[in-house]
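Have a look at the structure below before the remarks.
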Amino acid sequence: MSHLTWREELRARGYRVTPQRQLVLEAVRELEHATPDAICTEVQKTAAGLNLSTVYRTLDVLEKVGLITHTHLGAGAPSYHLAEEADHLHVVCRECGEVTDTALELADPLVERLRRDLGFEADARHLTVVGQCSRCRAAAAGQEADAGAERGTETA
Numbered sequence: 000m001s002h003l004t005w006r007e008e009l010r011a012r013g014y015r016v017t018p019q020r021q022l023v024l025e026a027v028r029e030l031e032h033a034t035p036d037a038i039c040t041e042v043q044k045t046a047a048g049l050n051l052s053t054v055y056r057t058l059d060v061l062e063k064v065g066l067i068t069h070t071h072l073g074a075g076a077p078s079y080h081l082a083e084e085a086d087h088l089h090v091v092c093r094e095c096g097e098v099t100d101t102a103l104e105l106a107d108p109l110v111e112r113l114r115r116d117l118g119f120e121a122d123a124r125h126l127t128v129v130g131q132c133s134r135c136r137a138a139a140a141g142q143e144a145d146a147g148a149e150r151g152t153e154t155a
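Note that numbering that gives the first Met the number 0 gives residue 45 to position 46 of the sequence shown, counting from 1, and the numbers run on in steps of one.
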């Protein structure tokens with residue numbers, strides 16, 4: 000997205016282009032999957048006087064305009080990223096917290112089933128799947144094998 004495009008979009012929706020909005024948008028672009036706290040910390044590197052409530056208000060405006068979107072990656076504050084980069088699912092490891100983006104098409108069978116069975120039109124871009132990543136699964140399997148060896152038994 001060019002600066003001209005986001006500026007025009009704000010103006011077309013009746014919003015002013017402000018330095019705060021530019022800084023918050025740039026922080027969202029830079030950080031990816033960023034919480035409001037992380038965005039505020041990033042923005043304060045340039046604009047020390049900008050506070051968290053201003054960041055929240057700015058995020059709200061940028062989302063209403065369609066420049067950014069949010070998702071919930073688990074408990075706590077939402078995470079924001081550019082709307083143009085929102086066509087993916089989020090997979091979050093409950094052990095290490097790693098966030099992985101994966102193809103939105105993986106949710107197509109679920110979305111279709113919800114539409115067919117319930118008449119519900121799902122937006123899978125907000126879908127977060129929580130589980131255990133391959134590294135944490137391998138580490139857990141290694142710990143189980145070590146524990147079995149200490150007891151003199153094998154684990155399957």
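A virtual CB, placed ideally from N, CA and C, is assigned to each residue, including glycine. Since the model is a prediction, treat every value here as computed from it, not as a measurement.
CA-to-CA distance, residue 98 to residue 30, given in whole angstroms:
Distance between the alpha carbons of residue 30 and residue 98 is about 13 Å.
On a Cα-Cα basis, can you pick out the residue from 22, 82, 45 and 54 that is closest to residue 36?
Of the listed residues, the one whose Cα sits closest to residue 36 is 54.
One question on the structure: do residue 5 and residue 66 come within less than 9 Å of each other, judged by their Cβ atoms?
Judged by beta-carbon spacing, residue 66 lies within the 9 Å limit of residue 5, meaning their Cβ atoms are closer than that value.
Would you decide whether residue 56 is buried or exposed? Buried here means 16 or more other CB atoms lie within 10 Å of its CB.
The C-beta of residue 56 has fewer than 16 other C-beta atoms within 10 Å across all chains shown, which makes the residue exposed.
Quick one: complete alpha helix (DSSP H) runs, 4+ long, within the region 54-132?
Within the region 54-132, the complete alpha helix (DSSP H) segments of 4 residues or longer fall at 107-117, listed in chain order.
Can you say whether residue 114 is buried or exposed, counting buried as having 16 or more other CB atoms within 10 angstroms of its CB?
Result: exposed.
Which residues mark the beginning and the end of the alpha helix (DSSP H) in which residue 23 is found?
18-30 is the extent of the alpha helix (DSSP H) around residue 23.
Would you tell me roughly how many angstroms separate the C-alpha atoms of residue 25 and residue 140, rounded to the nearest one?
When rounded, the distance between both Cα atoms is 41 Å.
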